[in-house]
Amino acid sequence: MLDLVVIDGKARGIIARNLVSGELEKHAADAVVLASGGYGNAFYLSTNAMGSNISAAFASYRKGASFANPCFVQIHPTCIPVHGTYQSKLTLMSESLRNDGRVWVPRSPEDRRPPDQIPETERDYYLEEKYPRFGNLVPRDVASRRAKVQCDMGKGVGGTRLAVYLDLKDAIEKDGRDVIARKYGNLFEMYEKITAQDPYETPMMIYPAVHYTMGGLWVDYNLMSTIPGLFVLGEANFSDHGANRLGASALMQGLADGYFIIPYSIGDYLAKSSHDTAREDHSAFNESSLQVETRIKKLLSIGGKRTVDDFHRELGHILWENCGMTRKEKDLKKAKKLIADLRAEFWENVLVGGTGKGFNQSLEKAGRVADFLQFGELMVMDALERKESCGCHFNEDFQTDEHEALRDDENFCHVSAWEYRGEGSKPKFHKEPLEFENVELTQRSYK
Amino acid sequence: MTKAGNKSCINLKLKVWRQKGPDVKGRFETYKARDVSTNMSFLEMLDVVNEEMILSGKDPIAFDHDCREGICGACGTMVNGRAHGPEKGTTLCQLHMRHFSNGDTVIIEPWRSRAFKVVKDLVLDRSVFDKIIQAGGYISVNTGGAPDGNAIPVPQESAEKAMDAAACIGCGACVAACPNASAMLFVGAKVSQFTLLPQGLPEAKKRALAMIGKMDELGFGNCTNETECEKECPKEISIENIARMNREFLKAGLS
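For the record, the sequence lines run as chains B and X.
Residue numbers in the first sequence follow this note's numbering, run continuously in steps of one, and reach 470 at the last position.
Residue numbers in the second sequence follow this note's numbering, run continuously in steps of one, and reach 487 at the last position.
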């Protein structure tokens with residue numbers, strides 16, 4: 024899907040590009056339901072599938088659907104670490120491993136011994152030490168940030184020094200290899216395929232990776248966006264997870280949105296609104312289609328010197344370094360400029376081979392990366408606006424004396440929704456206050 | 233075996249099937265893949281080759297992929313005559329270059345089957361699999377409220393076998409490996425995952441007849457017990473599922 028068609032303020036269809044024939048297709052409808060996933064791939068490396076992209080949601084944003092909390096990104100602690108610049112994706116090792124695995128690094132940054140030669144006393148089980156009550160089971164954002172802190176201190180392990188050990192040795196000794204194999208056998212196999220190391224014999228190495236995006240198109244309780252008739256489901260919307268998704272609740276959202284909400288709320292919408300039958304020959308479809316076509320032609324005509332993936336990798340690097348696990352005002356401001364410059368360069372120097380006719384994977388990617396670049400600016404803008412630490416948005420300038428997230432409920436207890444105001448203008452900022460009737464807001468503590 | 237973090241690199245000669253479209257004749261072309269890190273996955277190796285091709289103005293090699301962790305079923309090509317390459321129980325995206333040696337020639341071609349049309353190069357139209365699923369690979373029961381966990385007893389063994397069958401990712405390697413281009417391992421797995429569980433039983437008869445009928449109609453061959461499919465299946469689906477499907481088909485025909 025490359026564009027949303029809006030007629031008289033209502034979503035009435037989409038423009039899609041047929042990936043095989045290259046033809047632009049017009050699809051008219053009484054309502055549009057988007058279930059197009061999250062924006063984790065803005066970071067280039069993530070646990071998302073390679074094809075995941077933000078284009079459908081972002082086209083809707085450009086057509087007026089507000090985008091909420093784009094800076095909320097969950098970074099999962101247990102992924103297989105990066106091992107080279109050619110790397111295309113990061114593989115998640117299930118969270119369940121932390122039930123039986125112990126996370127550690129060498130106490131000394133100088134310690135280069137293989138893990139089996141490091142005695143217990145010289146290992147830093149940093150999660151167990153810092154959070155004696157929760158130990159290795161602290162929430163994802165905390166486990167991720169702590170791994171980063173250890174690596175920033177030079178205590179990371181493996182070739183890149185950007186990894187920590189996840190050690191199941193004690194569990195294997197206690198429960199036996201068979202019990203552990205029944206629980207985690209498939210994960211161990213996958214790990215061994217990728218790394219050529221056997222987790223039964225040597226501790227796994229893990230590092231956090233972008234996994235889920237809590238932000239998304241703003242929707243009401245009926246899952247309708249700010250454009251009447253545009254419904255947004257699942258990770259593509261912002262609705263269920265606040266600033267920090269909990270384990271398994273993306274599945275819950277998929278089921279709830281698709282099974283329990285939309286069948287009723289879309290019926291309600293259709294029953295209450297009067298529609299002329301939408302037709303593909305309406306001028307709005309032609310306009311949208313023309314815009315999409317112009318953009319495709321532009322992408323193909325640039326003929327620059329850098330590939331789409333090259334731009335994507337650089338964008339990912341900027342976001343990961345400056346708007347990732349931890350953020351700082353200074354870095355965010357820097358990132359804002361870097362992304363704007365990169366986007367400008369993209370539109371002058373990208374090299375997309377082939378033609379718009381027929382199957383062209385470079386062209387598919389080019390459109391997606393163009394959207395990710397524009398979205399990256401929005402993500403950073405949102406992170407800059409939220410002057411507090413909140414869930415996965417950890418801004419180092421706002422932390423407690425014990426280096427934990429410091430919320431500012433007085434000023435930031437709200438959803439930030441951004442409304443597109445055209446290229447070159449700052450999007451309009453809307454606040455939706457968060458109201459808690461039955462719970463009292465408190466500081467998180469895992470001590 | 234190389235260890236993760238090892239910077240060792242190899243050079244390869246690639247012979248890749250290039251085909252502009254479904255109705256155009258294809259041919260092998262030879263490319264060099266230089267300084268391939270043995271820690272790369274096979275698809276990452278192709279990414280690097282493609283980047284070079286794009287920069288030198290050539291048409292990059294089209295290949296299907298998505299999750300890159302062996303669970304979506306999008307990727308898959310023949311590598312030196314083996315579906316998904318030489319490693320057992322491995323999808324192409326999970327095949328790593330450490331299993332190749334410096335100087336190797338690697339022949340890469342799409343699955344060959346009358347029912348799978350080439351879209352471009354290594355990309356296939358596998359929508360025929362969707363058509364088989366549409367014919368009956370579902371349970372059309374409204375689930376209603378969630379029942380108590382123990383309301384419908386399922387023996388552990390059935391649950392395990394259904395789960396093993398449901399591991400099928402529909403990649404098509406079974407068809408590619410079979411000398412008859414039969415899809416019976418795929419269909420067997422899909423029929424089995426439902427038939428083994430109580431929820432699948434009410435529609436078992438209809439399902440077996442419809443899915444097998446569709447499979448034949450779409451031009452897949454028959455099973456002659458070559459067992460190549462089982463050997464090449466990245467999810468190691470057992471041919472026991474083909475036997476179960478045949479039983480279901482027979483039962484459905486007789487009753």
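Cβ atoms here follow ideal geometry from the backbone N, Cα and C, with glycine treated the same way.
Predicted, not measured: the structure shown is a model, and the values here were computed from it.
Notebook entry, point to check: Relative to the C-alpha of B/Ile-99, which residue among B/Ser-468, B/Arg-268 and B/Ala-51 is closest?
Noted result: Just to set this straight, residue 99 of chain B is His in the shown sequence, not Ile. Here the closest residue by C-alpha is B/Arg-268.
Next item on the list: Specify, as a first and last residue, the run of the alpha helix (DSSP H) that X/Leu-433 falls within.
Entry: No alpha helix (DSSP H) contains X/Leu-433, which DSSP labels as neither H nor E.
Check: Anyone know if the C-beta pair for X/Asp-291 and B/Gly-376 falls short of 9 angstroms?
Finding: yes
Notebook entry, point to check: What runs of the alpha helix (DSSP H), each 4 residues or longer, lie entirely inside the stretch 254 to 320 of chain X?
Noted result: 274 to 287
Check: Of all Cβ atoms in chain B, is any one closer than 9 angstroms to the Cβ of X/Glu-319?
Finding: yes
Next item on the list: Taking X/Asp-298 as the query, report the chain B residues whose CB atoms sit under 9 angstroms from its CB, ordered along the chain.
Entry: Ala-72, Met-73, Gly-74 and Ser-75
Margin query: Buried or exposed for B/Asn-64, going by 16 or more other Cβ atoms inside 10 Å?
Written below: Counting every other CB atom within 10 Å of its CB across the protein chains shown gives B/Asn-64 a total of 16 or more, marking it as buried.
Next item on the list: Could you tell me the distance, in whole angstroms, from the CA atom of B/Ala-279 to the CA atom of X/Glu-392?
Entry: Taking the straight line joining both Cα atoms gives about 27 angstroms.
Item checked: Start-to-end residues for the beta strand (DSSP E) that takes in X/Lys-245 -> 241 to 250
Next item on the list: Could you tell me the boundaries of the beta strand (DSSP E) in which X/Ile-384 lies?
Entry: Neither: X/Ile-384 is in no beta strand (DSSP E) and is coded neither H nor E.
Next item on the list: Starting from B/Phe-452, follow the beta strand (DSSP E) in both directions and report where the run begins and ends.
Entry: 451 to 456
Checklist line | Chain-order list of residues whose beta-carbon lies under 8 angstroms from that of X/Ser-372 (same chain, five-residue window excluded) | finding: Glu-435
Next item on the list: Please work out which residues of its chain come closer than 7 angstroms, Cβ to Cβ, to B/His-305, disregarding the five sequence neighbours upstream and downstream, and give them in chain order.
Entry: Ile-30
Note to self: Is B/Val-55 near the ligand COA - that is, is its Cβ less than 8 angstroms away from at least one heavy atom of it?
What the structure shows: As presented, the structure is devoid of all ligands, the ligand COA included, so that no description of it is given.
Note to self: Against chain B, does X/Leu-464 count as a neighbour if the rule is that its beta carbon must be under 9 angstroms from one of theirs?
What the structure shows: It should be pointed out that residue 464 of chain X corresponds to Glu in this sequence rather than to Leu. It does not: the Cβ of X/Glu-464 has no partner Cβ on chain B nearer than 9 angstroms.
Next item on the list: Check the Cβ-Cβ distances between X/Lys-235 and every residue of chain B, and say whether any is below 9 angstroms.
Entry: Any answer about X/Lys-235 is weak, because its pLDDT of 40 lies below 50 and its placement is not dependable; what the coordinates show is given next. Residue-level contact by beta carbon holds for X/Lys-235 and chain B, with a gap shorter than 9 angstroms.
Next item on the list: Kindly list, in the order they appear in chain X, the residues whose Cβ is closer than 8 angstroms to that of B/Gln-140.
Entry: Under the 8 angstroms cutoff, chain X gives no residues; its nearest Cβ is about 16 angstroms from B/Gln-140.
Checklist line | X/Met-447 versus X/Ile-474, X/Ile-364, X/Val-355 and X/Gly-432, residue with shortest Cα-Cα distance | finding: X/Ile-364
Note to self: For the stretch 94 to 117 of chain B, list every residue whose C-beta sits within 8 angstroms of some C-beta in chain X, in sequence order.
What the structure shows: Correct list: His-106, Gly-107, Tyr-109, Gln-110, Ser-111, Lys-112, Thr-114 and Leu-115.
Check: Applying the criterion that 16 or more other CB atoms from any shown protein chain within 10 Å of the CB defines a buried residue, is B/Arg-391 buried or exposed?
Finding: buried
Notebook entry, point to check: Can you name the start and end residues of the alpha helix (DSSP H) that B/Ile-229 belongs to?
Noted result: First-last for B/Ile-229: 227 to 236, but that is the beta strand (DSSP E), not the alpha helix (DSSP H).
Note to self: What are the residues in the stretch 208 to 225 of chain B lying within 9 angstroms of chain X by C-beta distance?
What the structure shows: From the stretch 208 to 225 of chain B, only Glu-212, Met-213, Lys-216, Ile-217, Thr-218, Ala-219 and Gln-220 have a Cβ closer than 9 angstroms to chain X.
Checklist line | Secondary structure of B/Leu-386, DSSP reduced to three states | finding: Residue state, collapsed to three classes: helix.
Notebook entry, point to check: Can you check whether the CB of B/Ser-75 is closer than 9 angstroms to the CB of B/Gly-61?
Noted result: yes
Margin query: By the DSSP assignment, the beta strand (DSSP E) with B/Ser-439 in it spans what residues?
Written below: From DSSP, the beta strand (DSSP E) with B/Ser-439 extends over 437 to 442.
Check: With burial defined as no fewer than 16 other Cβ atoms inside 10 Å of the residue's Cβ, what is the status of X/Pro-379: buried or exposed?
Finding: exposed
Next item on the list: Answer with buried or exposed for X/Ser-288, where buried requires no fewer than 16 other C-beta atoms within 10 angstroms of its C-beta.
Entry: exposed
Notebook entry, point to check: For the stretch 252 to 272 of chain B against the stretch 24 to 40 of chain B, are there 3 or more C-beta pairs whose distance is under 8 angstroms?
Noted result: yes
Next item on the list: Say whether chain B places a C-beta atom closer than 9 angstroms to the C-beta of X/Thr-309.
Entry: no
Next item on the list: Taking only beta carbons into account, state which residues of the stretch 40 to 55 of chain B come closer than 8 angstroms to chain X, listed in chain order.
Entry: Val-43
Check: Which of the three DSSP states, helix, strand or coil, is assigned to X/Ala-236?
Finding: At X/Ala-236, the pLDDT of 39 sits below 50, so the modelled position is not reliable; the number obtained from the coordinates is stated separately. Correct three-state label for X/Ala-236: coil.
Notebook entry, point to check: Mind pulling the chain B residues with CB within less than 9 angstroms of X/Val-280?
Noted result: The contacting residues are Tyr-109.
Next item on the list: Would you tell me roughly how many angstroms separate the C-alpha atoms of B/Tyr-207 and B/Asn-122, rounded to the nearest one?
Entry: 11 angstroms
Next item on the list: Kindly indicate which residue of X/Asn-312, X/Cys-403 and X/Leu-246 has the alpha-carbon position closest to the one of X/Phe-348.
Entry: X/Cys-403
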